[in-house]
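Residue numbering for the sequence shown follows the UniProt record's numbering, starting at 1 and increasing by one per position.
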Amino acid sequence: MASTLLRTTPALRAGLRASAARPAAAAIASTTFVRGKATLPDLPYDYGALEPYISGKIMELHHSKHHQTYVNGFNSAVEAVAEAKAKGDSAAAAAQAPLLNFHGGGHLNHSLFWENLAPHGKGGGGEPEGKLLLWDKITPEAHTTTQTAINKDFGSFETLQKQANTALAGIQGSGWAWLVKDKTSGTLGLVTRANQDPVTGNLEPLLGVDAWEHAYYLQYENRKAEYFSAIWDVINWSTVAKRFEK
Ligand SMILES: [Fe+2]
1 MASTLLRTTP ALRAGLRASA ARPAAAAIAS TTFVRGKATL PDLPYDYGAL EPYISGKIME
61 LHHSKHHQTY VNGFNSAVEA VAEAKAKGDS AAAAAQAPLL NFHGGGHLNH SLFWENLAPH
121 GKGGGGEPEG KLLLWDKITP EAHTTTQTAI NKDFGSFETL QKQANTALAG IQGSGWAWLV
181 KDKTSGTLGL VTRANQDPVT GNLEPLLGVD AWEHAYYLQY ENRKAEYFSA IWDVINWSTV
241 AKRFEK
């Protein structure tokens, strides 16, 4: 899923390898690349479908303007790297690393975010089920092979929500909070990332919440805690579960 969201060129890969790229950019380079430019993904629901939890106006601006800007910025940075490579200018290629990280991360994060949401009562809200939530609700056979779940790693779903909201509230400036899975241990955890830094390395992003003001301000103004509380009503746990079980 996420591995197919970023599309770039061999020149970018070469540029990134040559540029001693920052960790996030290196992670972008490690994804599966497809020739061609990054494009804005369609939403799997209408802009107004998440109301009243997230207004249609916010969704329209967030998707068609903000996300499109990250797509455009990423493609421009990729082109700049290609041009620098053609000129043999490794310094110019390396100078694009912050832009690749910011716009590439913005494209990746938002692509994951849209899939993390669904209209309330139509795939959105409620509680996670199955292996993701309760190891004691599944078969004993599966129990022995299921090492992680929300109840095991957080104590309860309510505790996860509380800790996530605390993490979101603690973000200074712009950033994201993510429910992640450690790829080695399978353990769940919560992490925050500043700006558009993507979740990389040994962590698999399962669920991200955008804490940028553009994600809520038109509707919630300075009451961002209300946005963090409301978004649970439109979380698509099916998507989270699929990423968890991948
Ligand atoms: Fe955003």
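Ideal placement from N, C-alpha and C gives every residue a C-beta, glycine not left out. Computed from a predicted model, the values in this text were never measured in an experiment.
So is the beta-carbon of residue i under 8 Å away from any non-hydrogen atom of ligand 1?
i: residue 247; result: Residue 247 lies beyond the residue range present for the chain, which begins at 1 and ends at 246; the question has no answer from this structure.
i: Phe-244; result: no
i: Asp-210; result: yes
i: Ala-82; result: no
i: Ala-225; result: no
i: Phe-113; result: yes
i: His-103; result: no
i: Ala-215; result: yes
i: His-120; result: no
What is the rounded straight-line gap between the Cα of residue i and the Cα of residue j?
i: Gln-161; j: Ala-95; result: 39 Å
i: Trp-237; j: Ala-77; result: 34 Å
i: Thr-192; j: Thr-159; result: 17 Å
i: Ser-229; j: Arg-223; result: 10 Å
i: Arg-22; j: Pro-198; result: Per-residue confidence for Arg-22 stands at a pLDDT of 34, beneath the threshold of 50, marking its modelled position as unreliable; the derived number appears in the next sentence. Approximately 12 Å between the Cα atoms of the pair.
i: Asn-165; j: Ala-97; result: 31 Å
i: Ala-241; j: Leu-188; result: 12 Å
i: Ser-174; j: Ser-90; result: 31 Å
i: Gly-170; j: Ile-235; result: 21 Å
i: His-214; j: Ala-93; result: 30 Å
i: Thr-239; j: Glu-79; result: 33 Å
i: Lys-246; j: Gly-73; result: 30 Å
i: Gly-121; j: Ala-49; result: 11 Å
Thinking C-beta only, is residue j closer than 9 Å to residue i?
i: Leu-179; j: Gly-208; result: yes
i: Trp-176; j: Ala-211; result: yes
i: Leu-168; j: Ile-150; result: no
i: Phe-244; j: Lys-183; result: no
i: Gln-196; j: Asn-75; result: no
i: Leu-112; j: Ile-231; result: no
i: Pro-52; j: Trp-114; result: no
i: Thr-39; j: Val-71; result: yes
i: His-66; j: His-103; result: no
i: Gln-172; j: Leu-190; result: no
Ranges of the beta strand (DSSP E) found wholly within the stretch 177-205, counting only runs of at least 3: 188-194
Stretch pair the stretch 148-155 + the stretch 208-218: three plus CB contacts closer than 8 Å: no
Hey, is the stretch 47-64 in contact with the stretch 76-91, meaning 3+ C-beta pairs nearer than 8 Å? no
Can you list, in chain order, the stretches of the alpha helix (DSSP H) that have 4 or more residues and sit fully within the stretch 71-148? 90-94, 97-115, 140-145
Please give me, in chain order, every unbroken run of the alpha helix (DSSP H) with length at least 4 that falls completely inside the stretch 210-238. 217-220, 224-230
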